[in-house]
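Down below is the structure, laid out as structure tokens.
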Amino acid sequence: MLVFLYINIVWFLAGFINGVTSFGGNMFAVPLMTLVMDPKDAIILGCIGGLGITTSITVFYHRNLPKLEFILACVSSIVGVPFGMILLEIAPAKAVLIGCGCILLLFLAWQAVAGRMHLTFAIPMWTIVPVGILSGILLSSTSMGGPILAMYAVMRGWGKEVTLSVLSTMGMISMIFLVALQWKNGLYTPEILHNAMWAVPCTVIGVLISIPILRRIDPRLFRLLVLGMLAVSAGMLFMRGWQA
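Residues in the sequence shown are numbered from 574 upward in steps of one, following the working numbering.
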């Protein structure tokens, strides 16, 4: 019962965090899931939980899509998904834990420098193809495909609404494709399905609650708290990875 409550509370907080800060839901939840389940099961559950988060946010921000760029991003991400599934299947638990820790560490480093960047030009649109492929690989192998897209959004000069719209809608479509492949390959155990049945509604509730609360809290302070939690999670993943 304690594990059941822990899982649902973590995914509720993941939805809430993503709704307030526009990032970090899966990066917050997946490391914490590795404390109560196998790392690969945590990533698979993270793909289903992430689908609940991205679908909820897409409802509110789907009107701001740059259509051609979005199509290129979706197609390239879907191309990368099967390769990430192969990586997850063959990688040992130690590599999975350390790989997730590296993604968190790189994302934190990016957050430290992104605010100081003053780009005088935007990178060309075609670069979304390799970025999308890499995002698909990271999504299916670690359930953390969003950070690389967030970096691309900054270097393209997208506004917050466009960034949220593309990341959430693309994440939703990619995760639907990914979940279908995972189901076809028999990756969903009864335990994962049972956890997902409760975790997904919790993520949706977290996103919905974040909308009215967003106007009453300081998003910048909350963002710093989330980054601090991600730093702790990265340290935990590295430590568990070396011990595995």
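Here a beta-carbon is modelled for each residue, glycine too, at the ideal position from N, C-alpha and C. Please read these numbers as outputs of a predicted model, since none were measured by experiment.
task = Name the residue from Ile671, Met745 and Thr594 whose alpha carbon lies nearest to the alpha carbon of Cys647.
result = Here the question's residue 647 lines up with position 74 in the sequence shown. Taking only the C-alpha atoms, the option nearest Cys647 is Met745.
ask   = Fully enclosed by the region 597-655, which alpha helix (DSSP H) runs are 4 residues long or longer?
value = 598-606 and 612-634
Per-residue DSSP class, three states only, for Asn758 = Here residue 758 is taken as the residue at index 185 of the sequence shown, counted from 1. Coil, per DSSP.
ask   = Considering only C-alpha positions, which residue in the set Phe589, Phe577 and Ile617 is nearest to Asn758?
value = Taking the first residue of the sequence shown as 1, we reach residue 758 at position 185. Looking at the Cα atoms, Ile617 is the closest of the given residues.
query = Which residue's Cα is closest to the Cα of Met724: Ile765, Pro763 and Ile676?
reply = Along the sequence shown, one-based indexing puts residue 724 at 151. Of the candidates Ile765, Pro763 and Ile676, the one whose C-alpha sits nearest the C-alpha of Met724 is Ile676.
query = To the nearest angstrom, how far is it from the Cα of Met728 to the Cα of Ala695?
reply = As a working mapping, residue 728 is identified with position 155 in the sequence shown. As a working mapping, residue 695 is identified with position 122 in the sequence shown. Approximately 6 Å between the Cα atoms of the pair.
message = When you compare the CB positions of Thr715 and Gly588, do they come within less than 7 Å of one another, or not?
response = Counting from one through the sequence shown, the residue named residue 715 turns up at place 142. Counting from one through the sequence shown, the residue named residue 588 turns up at place 15. Thr715 is not a Cβ neighbour of Gly588, given a cutoff of 7 Å.
query = Just curious, the alpha helix (DSSP H) that Arg729 is in, first and last residue?
reply = Taking the first residue of the sequence shown as 1, we reach residue 729 at position 156. Run containing Arg729: Gly719 to Arg729, per the alpha helix (DSSP H) assignment.
ask   = Taking the continuous alpha helix (DSSP H) assigned at Leu575, which residues delimit it?
value = For the purposes of this step, residue 575 is identified with residue 2 of the sequence shown, where counting begins at 1. Segment Leu575 to Thr594, the alpha helix (DSSP H) holding Leu575.
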